[in-house]
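Residues in the sequence shown are numbered from 16 upward in steps of one, following my numbering.
Single-structure report; data block below.
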Amino acid sequence: MEQEAAAREDADSQLMYRIERPVYDEDFIRSQLLNPKENSSTLRQRLAYKCRCSSEKAKATALSFLPILSWLPAYPVKEYLFSDVVSGLSTGVVQLPQGLAYAMLAAVPPVYGLYSSFYPVLLYTFFGTSRHISVGTFAVISLMIGGVAVREAPDSMFYVPHGNGSNTSLILDVEARDARRVQVAVVLTTLVGIIQFVLGLLRFGFVAIYLTEPLVRGFTTAAAVHVVVSQLKYLLGVKTQRFAGPLSVIYSIKAVLSDITSTNVATLILGLVCLVFLYGVKDLNERFKKKLPIPIPGEIIVVIVSTSVSFGLSLSDDYKVDVVGKIPTGLLPPAAPEFSLLPNLVTDSFAVAIVGFSMGISLAKIFALKHGYSVDGNQELIALGLCNFISSFFQTFAITCSMSRSLVQESTGGKTQIAGLLASLMVLLVVVAIGFVFQPLPQTALAAIIMVNLLGMFKQFRDIPGLWKTSKIELAIWLVAFIASVLLGLDYGLLVAIAFAILTVIYRTQSPKNSILGHVPGTGLYCDVDEYEEAAEYEGIKIFHSNSSIYFANSDLYVNALKEKTGVNPDHLQAAQKARNKRKEKANGTNNSPLKMCAKYNERGVTHEVLSLNHVAEEQKGQTGHSSSESLSEEMVFIGPLSAVHTIILDWTPASFIDSVGAKAIKQVIKEYAAVDVQVVIAGCSRNLLSELDTLQFFTEAMTPEMMFPTVHDAVLRCQRSHPKPLQPDRR
Numbered sequence: 016m017e018q019e020a021a022a023r024e025d026a027d028s029q030l031m032y033r034i035e036r037p038v039y040d041e042d043f044i045r046s047q048l049l050n051p052k053e054n055s056s057t058l059r060q061r062l063a064y065k066c067r068c069s070s071e072k073a074k075a076t077a078l079s080f081l082p083i084l085s086w087l088p089a090y091p092v093k094e095y096l097f098s099d100v101v102s103g104l105s106t107g108v109v110q111l112p113q114g115l116a117y118a119m120l121a122a123v124p125p126v127y128g129l130y131s132s133f134y135p136v137l138l139y140t141f142f143g144t145s146r147h148i149s150v151g152t153f154a155v156i157s158l159m160i161g162g163v164a165v166r167e168a169p170d171s172m173f174y175v176p177h178g179n180g181s182n183t184s185l186i187l188d189v190e191a192r193d194a195r196r197v198q199v200a201v202v203l204t205t206l207v208g209i210i211q212f213v214l215g216l217l218r219f220g221f222v223a224i225y226l227t228e229p230l231v232r233g234f235t236t237a238a239a240v241h242v243v244v245s246q247l248k249y250l251l252g253v254k255t256q257r258f259a260g261p262l263s264v265i266y267s268i269k270a271v272l273s274d275i276t277s278t279n280v281a282t283l284i285l286g287l288v289c290l291v292f293l294y295g296v297k298d299l300n301e302r303f304k305k306k307l308p309i310p311i312p313g314e315i316i317v318v319i320v321s322t323s324v325s326f327g328l329s330l331s332d333d334y335k336v337d338v339v340g341k342i343p344t345g346l347l348p349p350a351a352p353e354f355s356l357l358p359n360l361v362t363d364s365f366a367v368a369i370v371g372f373s374m375g376i377s378l379a380k381i382f383a384l385k386h387g388y389s390v391d392g393n394q395e396l397i398a399l400g401l402c403n404f405i406s407s408f409f410q411t412f413a414i415t416c417s418m419s420r421s422l423v424q425e426s427t428g429g430k431t432q433i434a435g436l437l438a439s440l441m442v443l444l445v446v447v448a449i450g451f452v453f454q455p456l457p458q459t460a461l462a463a464i465i466m467v468n469l470l471g472m473f474k475q476f477r478d479i480p481g482l483w484k485t486s487k488i489e490l491a492i493w494l495v496a497f498i499a500s501v502l503l504g505l506d507y508g509l510l511v512a513i514a515f516a517i518l519t520v521i522y523r524t525q526s527p528k529n530s531i532l533g534h535v536p537g538t539g540l541y542c543d544v545d546e547y548e549e550a551a552e553y554e555g556i557k558i559f560h561s562n563s564s565i566y567f568a569n570s571d572l573y574v575n576a577l578k579e580k581t582g583v584n585p586d587h588l589q590a591a592q593k594a595r596n597k598r599k600e601k602a603n604g605t606n607n608s609p610l611k612m613c614a615k616y617n618e619r620g621v622t623h624e625v626l627s628l629n630h631v632a633e634e635q636k637g638q639t640g641h642s643s644s645e646s647l648s649e650e651m652v653f654i655g656p657l658s659a660v661h662t663i664i665l666d667w668t669p670a671s672f673i674d675s676v677g678a679k680a681i682k683q684v685i686k687e688y689a690a691v692d693v694q695v696v697i698a699g700c701s702r703n704l705l706s707e708l709d710t711l712q713f714f715t716e717a718m719t720p721e722m723m724f725p726t727v728h729d730a731v732l733r734c735q736r737s738h739p740k741p742l743q744p745d746r747r
């Protein structure tokens, strides 16, 4: 009894949806229910409103362009300063060795990595909207820049004759090569900055949505493969050419393996020791991140210890271990880039600009969501563009945010970009005062730092089993991005991946789920009759549902699916009608008596058969034993319709847009069905879509607003009233 009382209480407390209204169609809605607002403002007035000047608008523009003005005046010194100082020092300790290491990936001398770790970070403090990301050098961007620099300034361009007499030989002019590669990297960075800045002004922050997460993760995993392969020669101490372009990974591996017998044992041992130590420190930081006040600075420990060992044991002189070499003290004066190089770098600059922004905005949104604030994608584009453009005049290469450094900056308690500012000042201290200390730093130690920092990217291979279970299309995007980027290079690989991702969108729109809907009794719900037992079709009515819009790419597919799913093909019905007319003419030719039409009704619909008078007479004679032409002439005759379906309802609830091609296709199919006495109506059309139909002049004599209904149920009720259930034939 208690359970029954509880059930009754639950039923009483359940929200009920009751409404009684007439059946609506679009003509009634337009004439009786909805009146569009009249926009009295002219185009000139709207432009004047947009371009008006006021103190509030000027203040909002200044705060948008310089976000630091919105938070620095209210900066809580007592609450934030200590955390920002600790975070800035921790991040700077990581930023210093990474700047040196990633310069190797960019194919420029290490000091330029320090420049790129100072100027852009300083500028981002003023223009960026994220409080936690750490901008500066990043492995993927550095590798893309290095590929362009090597392509535009290969070693083969800088061999010069050396020797005297008949023993002339060619040697590589390293200084001239590095100077040229720096020029290429700087010009590329300038162009990247311009592109990002202009896209930001044009409010193109949405471009990152075309780099879907599986694409980015597959691409960055491929970039990690490129980076590791490029560092093998530094880890082994072998002298091989640096390759760029398609199949560069294969060529690099082949070159290293072919020269592996010349491995420098001292370089290899030192590199392996650094690898093991850094991996152990990273594992400890991950395991005890909640107990450690700040992460153990493994990178700076490796830099200091390996530099000390290299200097104390004279590894460069006695064991031929490659070291960083000369690091100039002080900052370079600003200089204009070599703009004559621009034409060859346009395509590469777009790739670097989009990838750099995508990496930055994705991490910025992650931290913003975690800490409860928002970031502006357009302002982030402007900020990165200014960082790259202005810094390029001080000999830097393109930057974005680093995942590893951003995690350090956030996990050590960083609250604002004051932490990033302090990190850049640490790098400045090294550049202007103690840069010479790192000249004996072995390159194999930097290679170890790079490889260990890429472990997180290689963990992205774990995406594959998950994507296999959830989405085969996203798995295909991941694999195509990875394979294309590994084999074709990062630039061409990115283009192939984006093109493939766009093709998957086209594939999805051209392969929608089509279904016939049925009514669930006692509700206003309409569901797929193939999936739900409760869904039942109305007699003579087919409700066609397709979860896609209708436009030039899929309009033919939509029409074909409509004919196939409903089982009503107007072409076949017209052919049947022609055949019936021919048989009628033939029957009239053999008998002067009128043609007798026999119709038989069943539960599914109407079937009919055309019989001549003699045939009918013979059939009745066989049944009754005699024939009477008078009884035949007095017999009631029924002519059945060509199809058991009299109405098709198109459910356009999922449709978001339609173009002129789609509208023409729908109007044509409506005419085809009308020719065989099948009415087509449309239901669930949104107001925006109706406006598009008005613009496309969709409503004509063939298609009127009375054939448009706001819901499927409205359409069903109207069609049932227009086509009542047929009576059974009365034969006498």
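Here a beta-carbon is modelled for each residue, glycine too, at the ideal position from N, C-alpha and C.
Of all C-beta pairs linking the stretch 353 to 364 to the stretch 199 to 210, three or more are shorter than 8 Å, placing the two stretches in contact.
Residues of the same chain with a CB within less than 6 Å of the CB of residue 661, apart from the 5 flanking positions on each side, are 555, 738 in chain order.
Contact annotation: the stretch 489 to 505 touches the stretch 250 to 261, with at least three C-beta pairs closer than 8 Å. Straight through space, the alpha carbons of residue 247 and residue 336 are spaced by roughly 14 Å. Inclusion of residue 233 and residue 459 in the CB contact set at 9 Å is not warranted, their separation being larger than that value. Contact annotation: residue 137 and residue 297 have beta-carbon atoms that are not nearer than 9 Å. Linking residue 103 to residue 96 through their CA atoms gives a straight-line distance of about 10 Å. Three or more Cβ pairs closer than 8 Å define a contact, and the stretch 432 to 445 meets that threshold against the stretch 133 to 151. For residue 32, the closest C-alpha among the options 309, 363, 384, 537 is that of 537.
Per DSSP, residue 104 has no beta-bridge partner at all. In this structure, residue 158 keeps its C-beta atom at 9 Å or more from the C-beta atom of residue 174.
Residue environment: residue 106 is assigned as buried (16 or more neighbouring CB atoms within 10 Å of its CB, all protein chains considered). Leaving aside the five residues that flank residue 488 on each side, the residues in its chain whose CB is nearer than 8 Å to its CB run, in chain order, 519, 522, 523. Boundaries of the beta strand (DSSP E) harbouring residue 694: 694 to 698, taken from the DSSP string. The stretch 154 to 170 and the stretch 359 to 375 touch, with three or more beta-carbon pairs separated by less than 8 Å. Judged by DSSP in its simplified three-state form, residue 465 adopts helix.
Contact check between the stretch 331 to 348 and the stretch 368 to 384: fewer than three CB pairs, one atom from each, fall below 8 Å, which does not count as touching. Spanning the alpha carbons of residue 98 and residue 397 requires a straight line of approximately 28 Å. Residue range 478 to 485 is occupied by the alpha helix (DSSP H) that includes residue 484. If you draw a straight line from the Cα of residue 598 to the Cα of residue 711, it comes to about 43 Å. For secondary structure counted as the beta strand (DSSP E) over 3 or more consecutive residues, the stretch 365 to 449 holds these complete runs in sequence order: 415 to 417. Linking residue 465 to residue 154 through their CA atoms gives a straight-line distance of about 8 Å. Around the beta carbon of residue 709, a 10 Å sphere encloses fewer than 16 other beta carbons of the protein chains shown; the residue is thus reported as exposed. In the same chain as residue 447, and ignoring 5 residues on each side of it, the C-beta atoms closer than 7 Å to its own belong to 344, 345, 346, in chain order. Nearest C-alpha to residue 516 among 227, 427, 698, 209: 227.
Residues of the same chain with a CB within less than 8 Å of the CB of residue 210, apart from the 5 flanking positions on each side, are 364, 365, 368, 400 in chain order. Of the residues assessed, residue 700 falls on the buried side of the cut-off, its CB having 16 or more other CB atoms within 10 angstroms. Beta-bridge partners assigned by DSSP to residue 187: 174.
Residue burial annotation: residue 569 is buried, with at least 16 other C-beta atoms found within 10 angstroms of its C-beta. Residue 119 sits in a helix when the DSSP states are folded into three classes.
Segment contact: the stretch 385 to 397 against the stretch 74 to 88, three or more CB-CB distances shorter than 8 Å; contact assigned. Residue 140 and residue 151 have their C-alpha atoms some 12 Å from each other.
Burial state of residue 386 is exposed, judged by a 10 Å Cβ sphere holding fewer than 16 other Cβ atoms. In chain order, 585 place their CB closer than 6 Å to the CB of residue 687, counting only its own chain and leaving out the 5 sequence neighbours on each side. By the neighbour-count definition (other C-beta atoms within 10 Å, threshold 16), residue 84 is an exposed residue. Membership of residue 226 in any beta strand (DSSP E) is not indicated, and neither H nor E is assigned to it by DSSP.
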